[in-house]
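S.K.: My questions all concern the structure below.
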Amino acid sequence: MSRQKLEIVATYLNEQFRFENASGATIIGNIKLEGEAQAELIPGADLQIKGEADDDLVAGMTYRFYGRWDSYENKRTGRKSNQFIFTTYTPATPLSRPGVVRYLQQIKGIGPKTAAQLWTKFGPKSIRTLREDPEAAAIACSLLPGDIAAEASTWLRENQKLEELTVHLMGLFDGRGFPKSIARLCIKEWGNTAADVIQENPYKLMAFRGCGFKRCDALWLDLGLPRDALERQIYCAWHAMAEDSNGHTWFPLPFVLQKLAREIGPNRNDAEALAEARDQGLIAIQRYENGQLVDQGGAIFLAEAKYANQEQRVADVIQELESNPVPAIWPNLSLAESISDHQCERASLALTGRLCILGGGPGTGKTYVSANIVKLLESDLSASIAVAAPTGKAANRVSEAMASYGINLRASTIHSLLGIRASTLGSFEFEYNALNRLPFKYVLVDEASMVSTDLMASLLSALASDAHLLLVGDVNQLPPVGHGAPLRDLIAANMPYGQLEEIRRNSGTIVTACHELRTTGWFNHDRGVDIENGKNLRVVRCDDNDTIRQKLLAGIDIAKDKNLDPIWDVQVLTALNDKSDVSRQPLNKFLQQHLSPSPVVEGSVFRPGDKAVCLKNGVYTLHGDDQGETFVANGELAEVVAIEPKFFVMRLLTPERTVRVPRGKQEADGEGGKSKSGAGCDWDLGYVLSVHKSQGSEWPFVFTVVDDAGARVASREWVYTAMSRAKKLHLFFGKEETLRRFCRRVAIGKRNTFLKERILANQTQGVTA
Numbered sequence: 001m002s003r004q005k006l007e008i009v010a011t012y013l014n015e016q017f018r019f020e021n022a023s024g025a026t027i028i029g030n031i032k033l034e035g036e037a038q039a040e041l042i043p044g045a046d047l048q049i050k051g052e053a054d055d056d057l058v059a060g061m062t063y064r065f066y067g068r069w070d071s072y073e074n075k076r077t078g079r080k081s082n083q084f085i086f087t088t089y090t091p092a093t094p095l096s097r098p099g100v101v102r103y104l105q106q107i108k109g110i111g112p113k114t115a116a117q118l119w120t121k122f123g124p125k126s127i128r129t130l131r132e133d134p135e136a137a138a139i140a141c142s143l144l145p146g147d148i149a150a151e152a153s154t155w156l157r158e159n160q161k162l163e164e165l166t167v168h169l170m171g172l173f174d175g176r177g178f179p180k181s182i183a184r185l186c187i188k189e190w191g192n193t194a195a196d197v198i199q200e201n202p203y204k205l206m207a208f209r210g211c212g213f214k215r216c217d218a219l220w221l222d223l224g225l226p227r228d229a230l231e232r233q234i235y236c237a238w239h240a241m242a243e244d245s246n247g248h249t250w251f252p253l254p255f256v257l258q259k260l261a262r263e264i265g266p267n268r269n270d271a272e273a274l275a276e277a278r279d280q281g282l283i284a285i286q287r288y289e290n291g292q293l294v295d296q297g298g299a300i301f302l303a304e305a306k307y308a309n310q311e312q313r314v315a316d317v318i319q320e321l322e323s324n325p326v327p328a329i330w331p332n333l334s335l336a337e338s339i340s341d342h343q344c345e346r347a348s349l350a351l352t353g354r355l356c357i358l359g360g361g362p363g364t365g366k367t368y369v370s371a372n373i374v375k376l377l378e379s380d381l382s383a384s385i386a387v388a389a390p391t392g393k394a395a396n397r398v399s400e401a402m403a404s405y406g407i408n409l410r411a412s413t414i415h416s417l418l419g420i421r422a423s424t425l426g427s428f429e430f431e432y433n434a435l436n437r438l439p440f441k442y443v444l445v446d447e448a449s450m451v452s453t454d455l456m457a458s459l460l461s462a463l464a465s466d467a468h469l470l471l472v473g474d475v476n477q478l479p480p481v482g483h484g485a486p487l488r489d490l491i492a493a494n495m496p497y498g499q500l501e502e503i504r505r506n507s508g509t510i511v512t513a514c515h516e517l518r519t520t521g522w523f524n525h526d527r528g529v530d531i532e533n534g535k536n537l538r539v540v541r542c543d544d545n546d547t548i549r550q551k552l553l554a555g556i557d558i559a560k561d562k563n564l565d566p567i568w569d570v571q572v573l574t575a576l577n578d579k580s581d582v583s584r585q586p587l588n589k590f591l592q593q594h595l596s597p598s599p600v601v602e603g604s605v606f607r608p609g610d611k612a613v614c615l616k617n618g619v620y621t622l623h624g625d626d627q628g629e630t631f632v633a634n635g636e637l638a639e640v641v642a643i644e645p646k647f648f649v650m651r652l653l654t655p656e657r658t659v660r661v662p663r664g665k666q667e668a669d670g671e672g673g674k675s676k677s678g679a680g681c682d683w684d685l686g687y688v689l690s691v692h693k694s695q696g697s698e699w700p701f702v703f704t705v706v707d708d709a710g711a712r713v714a715s716r717e718w719v720y721t722a723m724s725r726a727k728k729l730h731l732f733f734g735k736e737e738t739l740r741r742f743c744r745r746v747a748i749g750k751r752n753t754f755l756k757e758r759i760l761a762n763q764t765q766g767v768t769a
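Right under this line is the structure:
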């Protein structure tokens, strides 16, 4: 089977390709264009052509496809056939009369009659003559004016260069891991100058999805461009922050300079590189001294410009809300039927402004108080109310809670509330924004500790001018997966806040332990396991990782004895992705072997029936009778329904919908990121999750692995969040001394942000003005 780069010429004929096989026989095959083109040949044909195609194919046009020969086996008949897999294509110069006439009609000013006259005069040499001698073509053809012939000659010369350029770009990108469509995308963006643009500055490729810094940086070095060039220093400075996964918005200057020194070497101009990176809109620079942002002096901090702008946007919208002359109007909680005096007092502290925060740990009644607020608002027929949460599972849970209190109001994800509008290259933007505001006067957001600064900025920007926002959350949980810690910062900036302290519901040891951990730094776990009587928390002591694995299986057997589903009613949590054999990835494979009844599927991480998790926010095509697209959030779980050659079919559970997940090579598609799954997509096995991915969810049984290797990641907030995911039983598996070490580490204050300072600075400026 040959793997060298080849080419094949095929004509697109309205849902069909016509091309010649190796023996010269003409074949016509049907083709479906759904993001990926694949010719399904008529019975008896022994060749097919397939690959990724855009929607720019023109019927009757001939194209030159570049790729490789391969073979495939028909699963139904077992017959092996040849196929040509293309990676890119360009319009090709045709030779037949229909092809030439159609090809010439692409040129402005040349219609069917003029093209036919050119063929009559010059035959197969029509295109060459018009390209190389437009004056002769104009003299010979009465329908062709001289100026049109000259313009046509220019167009044909440029198109000829595009064919040559495509081949050149393929050689440039070959074997470097860039997306298959990258050559066509570059030509669309930069035309005939594409190769020059890329060879001068490969970092410009980062504008395209799948072209990360590391690929572009490797291309820079392979092209022999200077390792210490100013342009490379600029992007290395940006990447020093972009690759950090700790959620910081701002980084101290020495942190960035140390990384630059390791990557660039001694021949650097740090000041010029950082100034130029700022001027190009890649980074932001801020000075900080004595708890305040200053213009001169102080310590220097750097941030990715987009994150710094989002942080400033949050502060600015809050200033707009506070300066609105229309007073905030919240219901009088004393009219609620059954909330306690403590709940009424603390919630009333929150409901004093347009942006309010209601906090509290598990069992303190946050959702119950929120439901009473919504119920009072619903009594006012003029009030328009929306309830949202960061994830689908969290939204489903708050909807069920509202329904249990007699409120028929369906919660949505924040992304759905704002309205996902997909754009090119797989990204998305929101329908509701600063120019198109949400039609709600009251918005309540549950699980607000999960909301990152960028999502908070989008939500606040979309609020109506008279809107009220209530954030409900537990600031003691882990900060968001994304950057920043806005709930923490808003509380620190003295936004109206009420903290519920009294434990109201009887959820056994778990709720009590969360309260103890928050107030004392440790919890009484030595109460045994008696689920029926509320003793539902325990540390299962394991001295090594092999014991952890075996006792996890024993814990899953307990779930089976309780008539729970061992896959969907049990969730295993751990700290790391792949640093030890009880990290997420190896432990997922271990549990898959014991829990999945389906056989191994060659070339796939997944088996039918597996539990899978989405690793990255994205927009996916609905599968089946439903049409359209849906947003899937980072951390959502799904069942693997089917495994097809080009996609996986995933059934999401909350809310229920079935999507197609495009499937690439089984090797990891990412670039050194912790989300690499090896599945060829942004999904992985979900039997084991990180605690961050578990936020906003609950399961009957939760088993948390206390991994000695996770000390850098795990913290008191990590333990707190893990415990509060369980409804009936929580077990820690590992060493108690390691768990105590986790609890001594407090991480909530570690994230570097300036949101609090920006809010306070805006307030000071407002008073001064």
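In the UniProt record's numbering, the protein residues as written are 1 to 769.
We put the beta carbon where it would ideally sit given N, CA and C, even for glycine.
Please name the residue in Gln199, Arg176, Trp220, Glu304 whose C-alpha comes closest to that of Thr453.
M.R.: Checked all of Gln199, Arg176, Trp220, Glu304; the closest Cα to Thr453 is Glu304.
S.K.: Could you check the C-alpha separation between Val314 and Lys735 for me, to the nearest Å?
M.R.: Straight-line Cα distance between these residues: approximately 42 Å.
S.K.: Are the beta-carbon atoms belonging to Val387 and Val374 less than 8 Å from one another?
M.R.: Against a cut-off of 8 Å, the Cβ pair of Val374 and Val387 comes out as a contact.
S.K.: Could you tell me whether the segment 710-721 touches the segment 746-764, using the rule of 3 or more Cβ pairs below 8 Å?
M.R.: In short, these stretches touch, since the Cβ pair count reaches three.
S.K.: Name the one or two DSSP bridge partners that Val472 has.
M.R.: For Val472, which the question treats as bridged, DSSP gives the partners Leu358.
S.K.: Report yes if the CB atom of Leu739 is closer than 8 Å to the CB atom of Phe701, and no otherwise.
M.R.: For Leu739 and Phe701, no; Cβs fall outside 8 Å.
S.K.: Pick out the complete alpha helix (DSSP H) segments inside the segment 488-536, 4 residues or longer, and give them in chain order.
M.R.: Qualifying alpha helix (DSSP H) stretches, in chain order: 509-520.
S.K.: So Lys204 and Val197 are in contact, right, with Cβ under 8 Å, and what is the actual spacing, rounded?
M.R.: Between Val197 and Lys204 the Cβ distance is about 6 Å, and since that is below 8 Å, they are a contact.
S.K.: Between Glu671 and Ile285, what straight-line distance do the alpha-carbon atoms span, to the nearest angstrom?
M.R.: Low local confidence applies: a pLDDT of 38 at Glu671 is under 50, so the model's placement there is unreliable, and no value is given.
S.K.: Going by other Cβ atoms of all chains shown within 10 Å of its Cβ, with 16 needed for buried, is Arg157 buried or exposed?
M.R.: Classification of Arg157: exposed, given that the 10 Å Cβ count is below 16.
S.K.: Using the DSSP secondary-structure output, state which residues sit across from Trp683 in a beta bridge.
M.R.: Trp683 is bridged to Cys614.
S.K.: Count the other CB atoms, across all protein chains shown, that sit within 10 Å of the CB of Ile264; report buried if there are 16 or more and exposed otherwise.
M.R.: Burial call: buried.
S.K.: Label Asn246 either buried or exposed according to how many other C-beta atoms from any shown protein chain fall within 10 Å of its C-beta, with 16 as the threshold for buried.
M.R.: That one is exposed.
S.K.: DSSP on Trp155, reduced to helix/strand/coil?
M.R.: Trp155 falls in the helix class under three-state DSSP.
S.K.: Among the residues of its own chain, which have a CB less than 8 Å from the CB of Ile385, if the five just before and after it don't count?
M.R.: Closer than 8 Å at the Cβ level, and outside the excluded window around Ile385, lie Val374, Leu377, Glu378, Leu409, Phe440, Lys441, Tyr442, Val443, Leu444.
S.K.: I'd like to know whether the C-beta atoms of Ile643 and Pro608 end up nearer to each other than 8 Å.
M.R.: Yes, these two residues count as a Cβ contact at 8 Å.
S.K.: For Glu516, collect the residues of the same chain with a Cβ closer than 8 Å to its Cβ; drop the 5 residues on either side in sequence, then sort them by chain order.
M.R.: So the list reads Trp522, Phe523, Asn524, once near-sequence residues are dropped.
S.K.: Taking the alpha carbon of Ser323 as the point to measure from, which residue in Ser465, Asp133, Trp155, Val570 has its own alpha carbon closest?
M.R.: Nearest C-alpha to Ser323: Ser465.
S.K.: Kindly identify the DSSP beta-bridge partner or partners of Ala464.
M.R.: The partner list for Ala464 (beta bridge, DSSP) is empty, contrary to what the question assumes.
S.K.: Run through the DSSP bridge pairs and tell me what Ala299 is partnered with.
M.R.: According to DSSP, which records beta bridges pairwise, Ala299 is partnered with Tyr288.
S.K.: Roughly how many angstroms separate the alpha carbons of Tyr432 and Asn752, rounded to a whole number?
M.R.: Distance between the alpha carbons of Tyr432 and Asn752 is about 29 Å.
S.K.: Touching or not, the segment 650-658 and the segment 534-554, by the rule of three or more beta carbon pairs under 8 Å?
M.R.: The segment 650-658 vs the segment 534-554: no contact.
S.K.: Take every Cβ of the segment 412-423, pair it with every Cβ of the segment 348-359, and state whether three or more of those distances are shorter than 8 Å.
M.R.: The segment 412-423 vs the segment 348-359: no contact.
S.K.: Using a 10 Å radius around the Cβ and a threshold of 16 neighbouring Cβ atoms, would you call Asp380 buried or exposed?
M.R.: Label assigned to Asp380: exposed.
S.K.: Which of the three DSSP states, helix, strand or coil, is assigned to Ile385?
M.R.: In the structure shown, Ile385 sits in a strand (DSSP, three-state: E or B).
S.K.: Identify which residue in Leu438, Pro202, Leu471 has its Cα closest to the Cα of Leu451.
M.R.: It is worth fixing the name first, because residue 451 is Val in this sequence and not Leu. The candidate whose alpha carbon is nearest that of Val451 is Leu471.
S.K.: Could you compute how far the alpha carbon of Thr621 sits from the alpha carbon of Ala183?
M.R.: Going from the Cα of Thr621 to the Cα of Ala183 covers about 25 Å.
S.K.: On the criterion of 16 or more Cβ atoms from any shown chain inside 10 Å, does Ala612 qualify as buried, or is it exposed?
M.R.: Ala612 is buried by the Cβ-count criterion.
S.K.: Can you look up Ile759 in the DSSP assignment and give me helix, strand or coil?
M.R.: Residue state, collapsed to three classes: helix.
S.K.: Would you mind stating whether Ile339 and Asn372 have Cβ atoms separated by less than 8 Å?
M.R.: Yes, the pair counts as a contact, with Cβ atoms nearer than the cut-off.
S.K.: Thinking Val540 and Phe733 are a contact (beta carbons under 8 Å), I'd like their distance in whole angstroms, please.
M.R.: With a Cβ gap of about 5 Å, Val540 and Phe733 count as contacting.
S.K.: According to DSSP, is Gly734 part of a helix, a strand, or is it coil?
M.R.: Residue state, collapsed to three classes: strand.
S.K.: Could you check the C-alpha separation between Ala709 and Asp578 for me, to the nearest Å?
M.R.: Roughly 10 Å separates the two Cα atoms.
S.K.: Less than 8 Å separating the beta-carbons of Asp707 and Ser580?
M.R.: Yes. Within cutoff.
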